[in-house]
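Residue numbering for the sequence shown follows the working numbering, beginning at 117 and increasing consecutively.
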Amino acid sequence: MQLTDFDALSFDCYGTLIDWETGIAAQLRPWAQSRGLDRSDEDLLAAFGQHEARIEATHPQWLYPRVLAAAMTAVGQQFGVQVTAADAERFGRSVPQWPAFPDSRDALEYLRGHYRLIILSNVDRESFAGSRLVLGGSFDRIVTAQDVGSYKPSPRNFEALLAALPGLELRPDRLLHVAQSLFHDHVPAKAAGLPTVWINRRHDRSGWGATPAPSAGVTPDWEFPSMAAFAQACAQAWAG
C-alpha cells in the first residue's frame, strides 16, 4: 500500500487531533490538589481511562458529558476522595476547552487538499462542535458516539463509518483510518478490514495514559509520532 492509494481519511479526534490528556489533566489536577490527593497526572489519567472505557461499554446510550462525569466520580471513589456534583458536571462540560495539538490544524489543512476527511469520535455532537472550532476547516462527515448509540471499540461505530461512505461516493477499500488509540481504534478498525495509521502521540512516554491497553495484538500499517510527520509523509508520497 501507498499513502496515495486512498481517497479519504477517517480520524479519531480525542488523543489524535485534540490533546485530550492535557485537557483531562487540567481538570483533574486542581481537583486532586484541592482534596489533598497526592497523585501524578499519569496516575489520574490511567484511572480515568479505565473507568471511562468501562462506563462507555456498560452505558453506550449515555451522552459523553454524562460518561465523563461518571468517570470522574469513579476516580474519586477509587482514591477515596470526594467528587461533588459540581465537580462532575464541570468536568463533563470541559471538552470544548481541551486544546488541539499544535500540529493538528495545519496538518488537516494540507490533507484536505488530497483526501476527503471524516471524523469518527467517542463524543456527543455538542461537545465536538466546540472542538471543531479549535481544529478549523470542514469535515465531509462527522460520526459521533451519539449518532451511533455506542462507543468505540464497539464494532457498531466502524459499521456506521462504513455505512456513511456510499453517501460520500467513497469506496471502503479507499478509506484509511488515522488514530492514536490502539484500544479504541486500531483493534476494531482492523477487525472491520480497514488499513490504519497510528499517530503515536505517546511515543516518548511509557504507559498508556488515558487509554487502556489494547485488548488484542494489532499492527498498524503506518506509524508516525505526530500529525505533522504524517502530513509530511503524505506530501512526499504525493510529490513522488
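Yeah, the Cβ is synthetic: ideal placement off N, Cα and C, and Gly gets one too.
Only a predicted model underlies this, so the values are computations on that prediction, with no experimental measurement involved.
Item: Would you check if there are 3 or more beta carbon pairs closer than 8 Å linking the segment 264–277 to the segment 232–244?; Value: yes
Item: What residue does the alpha helix (DSSP H) around Ala349 start on, and which one ends it?; Value: Met343 to Ala355
Item: As an exercise, report each continuous beta strand (DSSP E) stretch of at least 3 residues that is fully enclosed by the segment 119–161, in chain order.; Value: 124–127
Item: Rounded to the nearest angstrom, how far is the Cβ of Arg221 from that of Gly252, given a contact under 8 Å?; Value: 5 Å
Item: Using the beta-carbon count (16 or more within 10 Å), is Ser266 buried or exposed?; Value: buried
Item: Is there contact here, the segment 126–143 with the segment 208–216, by at least three beta-carbon pairs under 8 Å?; Value: yes
Item: So does the segment 297–313 actually touch the segment 334–349, counting three or more Cβ pairs closer than 8 Å?; Value: yes
Item: Taking Cβ positions, are Ser126 and Val294 nearer each other than 8 Å?; Value: yes
Item: Would you mind giving the Cβ-Cβ distance between Gly165 and Trp324, rounded to the nearest angstrom? I have them listed as a contact below 8 Å.; Value: 7 Å
Item: Can you round the beta-carbon distance between Leu278 and Pro288 to whole angstroms, since I take them to be within the 8 Å contact cut?; Value: 6 Å
Item: What span of residues does the alpha helix (DSSP H) with Ala72 cover, start to end?; Value: The question about residue 72 has no answer, for the chain in this structure spans 117 to 356.
Item: I need the straight-line Cα distance from Glu285 to Ala353, nearest angstrom please.; Value: 24 Å
Item: Grab me the residues of Arg306's own chain with a C-beta within less than 6 Å of its C-beta, minus the 5 sequence neighbours each way, in chain order.; Value: With the sequence shown as reference, residue 306 is identified as Lys, and Arg is not the correct amino acid for it. Excluding positions up to five away in sequence, the list reads Val334.
Item: State the beta-bridge partners of His302 as determined by DSSP.; Value: Per DSSP, none; premise fails for His302.
Item: Looking only at its own chain, which residues have a Cβ that is under 8 Å from the Cβ of Asp320, when we skip the five neighbours before and after it?; Value: Pro341
Item: Going by the beta-carbon positions, is the gap between Phe244 and Ile234 smaller than 8 Å?; Value: no
Item: Per the contact definition of three or more C-beta pairs closer than 8 Å, is the segment 342–352 in contact with the segment 144–160?; Value: no
Item: In angstroms with no decimal places, state the Cα-to-Cα distance between Trp147 and Arg182.; Value: 18 Å
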